[in-house]
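Here the structure comes first, spelled out in structure tokens, and everything after it is commentary.
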């Protein structure tokens with residue numbers, strides 16, 4: 069297909085201008101402003117800014133709690149992404165098999181995506197609640213362990229992980245279903261004829277051919293777990309107990325708007341921004357080598 | 759349909775139950791009184807407070823206004839995104855201009 073190309077000295081610029089304007093006003097401007105703010109601290113009475121250069125960054129890098137928070141974020145995001153994608157891929161491959169009632173299964177599997185992260189958190193809070201939740205109640209028959217999230221840091225973390233996976237599941241599934249349908253049946257048939265069983269077919273053909281989808285979902289889920297789980301954490305645990313569920317975004321928000329240390333918070337945002345840029349760049353570089361499009 | 763078909767059905771049904779349970783539980787809780795919600799063992803069947811709970815929630819947090827606000831914001835954002843992305847995509851695909859390869863971010 070030949071592409072039509074128009075020539076006009078100014079029209080294309082006028083057409084992209086709104087998008088550029090939005091990028092500048094809502095991304096570049098705030099980004100540079102937080103870069104500037106990260107070099108200051110507010111005076112005790114909040115009436116002026118005191119320039120302290122790299123002071124905020126020095127304080128952050130000398131704070132073990134910040135590294136704990138970074139480790140929590142990374143572990144949390146990896147678990148949410150890897151476990152979420154594994155479950156979604158498993159169910160997607162089952163839901164493309166030729167079985168009856170497929171359309172109904174698909175519809176029922178997709179629906180939690182329509183739920184906001186904060187609401188998903190509240191719903192799971194009812195399930196996990198230490199005094200009247202179903203799960204601690206049922207587990208109390210099996211074990212004497214106290215699944216109380218005010219006492220045990222890993223319980224709320226597990227709650228957040230499950231709620232995040234649950235919420236993202238429909239989205240991942242939809243993409244895997246679409247990806248699976250794009251795999252030519254003839255290739256799978258040929259492998260069948262050559263004597264490959266279904267597990268072998270999955271790892272030799274389906275999984276490699278799905279790699280662009282997996283790559284896309286990996287990036288998307290990492291970003292989701294890193295940033296969009298804010299509402300979930302804010303609604304359920306507020307980062308607690310202690311700092312057990314305080315991921316980097318939550319900490320940056322809390323230090324800024326709860327602790328009113330705006331410069332300190334801005335420094336965290338800057339580090340977060342660099343982290344995301346590095347992550348995306350690394351993923352795309354890796355993807356160019358390993359992912360077959 | 760062989761054994762693997764039954765297994766697939768089993769796994770799918772089980773996962774739907776797991777997916778749907780929190781939603782069902784949230785709905786069930788919304789039909790109970792505070793006493794019933796906090797009682798042990800947890801009650802998993804709908805109760806009698808449905809109408810009252812929803813009326814209370816609607817009145818107490820001003821749900822009507824909140825729904826209106828959400829609708830306005832969602833519609834405006836969706837419309838803005840479509841219009842602006844449409845214009846940019848059109849420019850990048852159908853025009854040959856210097857910035858076109860670097861402006862796709």
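Protein chains in written order, with this note's numbering: chain A, 69 to 361; chain B, 759 to 863. We put the beta carbon where it would ideally sit given N, CA and C, even for glycine. Just so it is clear, the structure is predicted and the values come from calculations on it, not from any experiment.
Straight-line gap, residue i to residue j (C-alpha atoms, nearest Å)
i, j, result
"residue 110 of chain A", "residue 309 of chain A", "28 Å"
"residue 125 of chain A", "residue 287 of chain A", "27 Å"
"residue 861 of chain B", "residue 845 of chain B", "Note that residue 861 of chain B has pLDDT 42, beneath the 50 cutoff, so the model's placement of it is unreliable and no number is given."
"residue 807 of chain B", "residue 179 of chain A", "26 Å"
"residue 183 of chain A", "residue 77 of chain A", "46 Å"
"residue 784 of chain B", "residue 824 of chain B", "20 Å"
"residue 226 of chain A", "residue 279 of chain A", "28 Å"
"residue 148 of chain A", "residue 795 of chain B", "30 Å"
"residue 763 of chain B", "residue 771 of chain B", "12 Å"
"residue 819 of chain B", "residue 80 of chain A", "47 Å"
"residue 329 of chain A", "residue 323 of chain A", "6 Å"
"residue 228 of chain A", "residue 307 of chain A", "10 Å"
"residue 789 of chain B", "residue 797 of chain B", "14 Å"
"residue 291 of chain A", "residue 337 of chain A", "15 Å"
"residue 205 of chain A", "residue 191 of chain A", "16 Å"
"residue 852 of chain B", "residue 88 of chain A", "18 Å"
"residue 850 of chain B", "residue 295 of chain A", "30 Å"
"residue 759 of chain B", "residue 170 of chain A", "Confidence at residue 759 of chain B is low in this model, with a pLDDT of 46, below 50, so its placement is unreliable and no value can be given for it."
"residue 293 of chain A", "residue 75 of chain A", "43 Å"
"residue 217 of chain A", "residue 261 of chain A", "53 Å"
"residue 90 of chain A", "residue 168 of chain A", "48 Å"
"residue 838 of chain B", "residue 831 of chain B", "10 Å"
"residue 284 of chain A", "residue 813 of chain B", "43 Å"
"residue 326 of chain A", "residue 346 of chain A", "28 Å"
"residue 161 of chain A", "residue 259 of chain A", "17 Å"
"residue 132 of chain A", "residue 92 of chain A", "35 Å"
"residue 848 of chain B", "residue 94 of chain A", "22 Å"
"residue 344 of chain A", "residue 96 of chain A", "15 Å"
"residue 145 of chain A", "residue 73 of chain A", "43 Å"
"residue 213 of chain A", "residue 207 of chain A", "8 Å"
Chain A contact residues for residue i, given Cβ-Cβ distances below 9 Å
i, result
"residue 845 of chain B", "82, 83, 84, 85, 86, 87"
"residue 795 of chain B", "194, 200"
"residue 854 of chain B", "73, 74, 75, 80"
"residue 783 of chain B", "191, 194, 195, 202"
"residue 840 of chain B", "What residue 840 of chain B touches in chain A: nothing, since even the nearest Cβ is about 12 Å away."
Nearest neighbour of residue i, chosen from the options [CA to CA]
i, options, result
"residue 194 of chain A", "B/849, B/773, B/801", "B/801"
"residue 128 of chain A", "A/113, A/107, A/200, A/236", "A/107"
"residue 151 of chain A", "A/190, A/202, A/73, A/241", "A/241"
"residue 233 of chain A", "B/805, B/839, B/777", "B/777"
"residue 98 of chain A", "A/345, A/346, A/342, A/334", "A/334"
"residue 299 of chain A", "A/93, A/239, A/321, A/120", "A/321"
"residue 215 of chain A", "A/228, A/196, A/132, A/229", "A/196"
"residue 255 of chain A", "A/323, A/249, A/244, A/273", "A/273"
"residue 773 of chain B", "A/290, A/157, A/317, A/277", "A/157"
"residue 143 of chain A", "A/265, A/316, A/191, A/236", "A/316"
"residue 188 of chain A", "A/123, A/210, A/162, A/230", "A/230"
"residue 805 of chain B", "B/834, B/791, B/822", "B/791"
"residue 122 of chain A", "A/105, A/113, A/84", "A/105"
"residue 120 of chain A", "A/133, A/103, A/134, A/84", "A/103"
"residue 779 of chain B", "A/211, A/112, A/251, A/202", "A/202"
"residue 342 of chain A", "A/100, A/250, A/302", "A/100"
"residue 765 of chain B", "A/253, A/159, A/84, A/219", "A/159"
"residue 220 of chain A", "A/209, A/208, A/211, A/198", "A/198"
"residue 781 of chain B", "A/251, A/130, A/181", "A/181"
Chain-ordered neighbours of residue i on chain A, where CB pairs are closer than 8 Å
i, result
"residue 800 of chain B", "200, 201, 202, 205"
"residue 830 of chain B", "Near residue 830 of chain B there are no residues of chain A at all, since even the closest Cβ is about 17 Å away, more than 8 Å."
"residue 774 of chain B", "173, 176, 177"
Bridge partner(s) assigned by DSSP for residue i
i, result
"residue 117 of chain A", "A/110"
"residue 785 of chain B", "For residue 785 of chain B, which the question treats as bridged, DSSP gives no partner whatsoever."
"residue 74 of chain A", "B/853"
Expected contact under 8 Å - CB spacing of residue i and residue j to nearest Å
i, j, result
"residue 247 of chain A", "residue 281 of chain A", "4 Å"
"residue 803 of chain B", "residue 786 of chain B", "7 Å"
"residue 319 of chain A", "residue 137 of chain A", "5 Å"
"residue 237 of chain A", "residue 155 of chain A", "7 Å"
"residue 177 of chain A", "residue 163 of chain A", "7 Å"
"residue 117 of chain A", "residue 289 of chain A", "No, residue 117 of chain A and residue 289 of chain A are not in contact; Cβ-Cβ is about 38 Å, not under 8 Å."
"residue 314 of chain A", "residue 140 of chain A", "7 Å"
"residue 185 of chain A", "residue 297 of chain A", "6 Å"
"residue 174 of chain A", "residue 245 of chain A", "7 Å"
"residue 842 of chain B", "residue 86 of chain A", "5 Å"
Closer than 9 Å at the beta carbon, the chain B residues around residue i
i, result
"residue 222 of chain A", "The contacting residues do not exist; residue 222 of chain A stays about 20 Å from chain B at best."
"residue 159 of chain A", "769, 770, 773"
"residue 180 of chain A", "777, 778, 780, 781"
"residue 267 of chain A", "Per Cβ cutoff of 9 Å: no residues; residue 267 of chain A is ~11 Å from chain B at best."
Chain A contact residues for residue i, given Cβ-Cβ distances below 7 Å
i, result
"residue 788 of chain B", "What residue 788 of chain B touches in chain A: nothing, since even the nearest Cβ is about 10 Å away."
"residue 849 of chain B", "80, 83, 84"
Chain-ordered chain B contacts of residue i [CB-CB under 8 Å]
i, result
"residue 234 of chain A", "777, 780"
"residue 113 of chain A", "Correct list: empty, because the minimum Cβ distance to chain B is about 35 Å."
"residue 237 of chain A", "777"
"residue 90 of chain A", "842"
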